[in-house]
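Position 206 (the sequence shown) corresponds to 206 in the numbering used here; numbering is contiguous.
See below for the structure under consideration.
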Amino acid sequence: MMKKAIGLLGGTFDPIHIGHLRPAIHVLERLELAEVRLLPNYIPPHRASPDSAPEHRLAMVKLAAAQTPGLTVDDRELRRDRPSYTVETLIELRREFPRVPLCFLMGMDSLCSLDRWHRWQELLDHAHLVVSHRPGWMPEFNPTIEALYQAHGTRDSEQLHRKPAGCIYLIDNPQLDISSTRIRECIRAGNNPQYLLPDPVADYIRDKGLYNRPVL
């Protein structure tokens with residue numbers, strides 16, 4: 001019997017905030033996942049290096065996950081000490097959980113640019129892609145992504161539990177207009193980030209003096 005699917009949410013989490021957490025909780029509950037694992041990146045391949053050190057970002061993710069049943073933390077990408085490629089993480093997890101469905105969570109913007117990801121053609125060999133989008137909004141895919149969606153798209157969420165990998169599932173998931181960049185700017189300006197991120201994370205940032213230095 002197939003086990004309940006595990007959700008996977010990667011990110012720099014610099015810092016983690018409710019714009020990450022609310023969509024993760026929505027998918028966790030809506031799809032009845034066993035858990036959602038938060039996977040902090042060491043160095044994101046297509047973005048600037050994080051402002052704060054890996055140990056700080058991991059500590060903040062652990063504080064956030066501790067507030068919410070069903071959210072867990074997986075630090076494997078931080079232990080690699082090199083750029084974080086999703087396909088490598090999925091291959092590792094598939095070896096550890098050979099029969100458990102894996103659902104990699106992403107936003108619609110990530111799906112639209114998936115053909116620029118490292119070894120993107122292999123992702124669906126190891127996991128499903130669960131794509132959050134604004135209710136009622138559908139982008140125009142480029143021909144490559146359109147062909148991928150036509151081959152792998154499903155509207156049956158049960159497929160995510162019946163099969164270990166291979167499906168693309170689009171889920172209505174209202175996105176909060178909050179970003180780590182804005183939060184860092186708020187803190188640098190000496191303003192209060194309360195209600196943008198969990199209180200224990202805000203306390204940690206204040207106690208460690210994170211994000212106070214000016215951008216050079």
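From the three backbone atoms N, C-alpha and C, an ideal C-beta is built for every residue, glycine too.
Next item on the list: Grab me the residues of H56's own chain with a C-beta within less than 7 angstroms of its C-beta, minus the 5 sequence neighbours each way, in chain order.
Entry: Here the set comprises K208 and L210.
Note to self: Using 7 angstroms as the threshold, is the C-beta distance between L170 and H17 below it?
What the structure shows: Result no, Cβ atoms of L170 and H17 do not sit closer than 7 angstroms.
Item checked: Selected residue, minimal CA-CA separation from N173, among A59, R94 and P135 -> Looking at the Cα atoms, P135 is the closest of the given residues.
Next item on the list: Take N142 and list the residues in its own chain whose beta-carbon comes closer than 8 angstroms to its own, dropping the five residues that flank it on each side.
Entry: For N142, where only same-chain residues beyond five positions count, the Cβ hits under 8 angstroms are C112 and D115.
Item checked: the stretch 76-96 contacting the stretch 120-131, beta-carbon criterion three pairs below 8 angstroms -> Touching, yes, given that three or more Cβ pairs across the two stretches are closer than 8 angstroms.
Next item on the list: Could you tell me which residues DSSP pairs with M106 in its beta bridges?
Entry: V131, per the DSSP bridge assignment.
Next item on the list: Look at the alpha carbon of H152 and the alpha carbon of C167, and state the distance between them as a whole number of angstroms.
Entry: Rounded to whole angstroms, H152 to C167 spans 5 angstroms at the Cα level.
Margin query: Between A34 and K62, how many whole angstroms is the CB-CB distance? I'm expecting something under 8 angstroms.
Written below: The pair is not a contact, with the Cβ atoms about 19 angstroms apart (cut-off 8 angstroms).
Checklist line | The alpha helix (DSSP H) enclosing T68, as first and last residue numbers | finding: Run containing T68: none; DSSP gives neither H nor E here.
Next item on the list: On a CA-only basis, which of P54, F97 and T68 is nearest R82? Give me that one, please.
Entry: Answer by Cα proximity: P54.
Checklist line | Cβ shell of L216 (< 8 angstroms), same chain only, five flanking positions each side left out | finding: In this predicted model, L216 has a pLDDT of only 42, less than 50, meaning its place in the structure is not dependable; the value taken from the coordinates is given anyway. Around L216: no qualifying Cβ.
Margin query: Using C-beta distances below 6 angstroms, list every residue in its chain close to P198, excluding the 5 sequence neighbours before and after it, in chain order.
Written below: Setting aside the 5 residues that flank it on each side, P198 is surrounded in the same chain by A64 and Q67, each with a C-beta closer than 6 angstroms to its C-beta; the list follows chain order.
Margin query: I need the DSSP call for I18, collapsed to helix, strand or coil.
Written below: The answer is helix: DSSP assigns I18 an H, G or I state.
Checklist line | Residue range of the alpha helix (DSSP H) that includes Y217 | finding: As displayed, the chain neither begins before 1 nor continues past 216, which places residue 217 out of reach and without an answer.
Notebook entry, point to check: Do you know whose CA, among A189, V131, I178 and L105, lies nearest R155's CA?
Noted result: Ranking the options by Cα distance to R155, first place goes to V131.
Note to self: Measuring straight from C-alpha to C-alpha, what distance separates D177 and D109?
What the structure shows: A straight line joining the alpha-carbon of D177 with that of D109 spans about 14 angstroms.
Notebook entry, point to check: According to DSSP, what are the bridge partners of T89?
Noted result: T89 is not bridged to any residue.
Check: Considering L124, what are the terminal residues of the alpha helix (DSSP H) in which it resides?
Finding: First-last of the alpha helix (DSSP H) with L124: L123 to H126.
Item checked: Straight-line gap, R279 to L102 (C-alpha atoms, nearest Å) -> Lying before the first or after the last residue shown, residue 279 is absent from the chain, which here runs from 1 to 216.
Item checked: Residues of its chain near I183, where Cβ-Cβ distance is below 7 angstroms and the 5 sequence neighbours each way are ignored -> Within its own chain, the residues whose Cβ lies closer than 7 angstroms to the Cβ of I183, once the five positions on either side in sequence are excluded, are P15, H17, P193, L196 and L197, listed in chain order.
Margin query: For E185, report the span of its beta strand (DSSP E) as first-last.
Written below: Taken as a continuous stretch (DSSP letters only), E185 belongs to no beta strand (DSSP E), being part of the alpha helix (DSSP H) at S180 to R188.
Next item on the list: Would you mind sorting N212 into buried or exposed? The rule is 16 or more other CB atoms within 10 Å of its CB.
Entry: By the neighbour-count rule (16 or more Cβ atoms within 10 Å), N212 is not buried but exposed.
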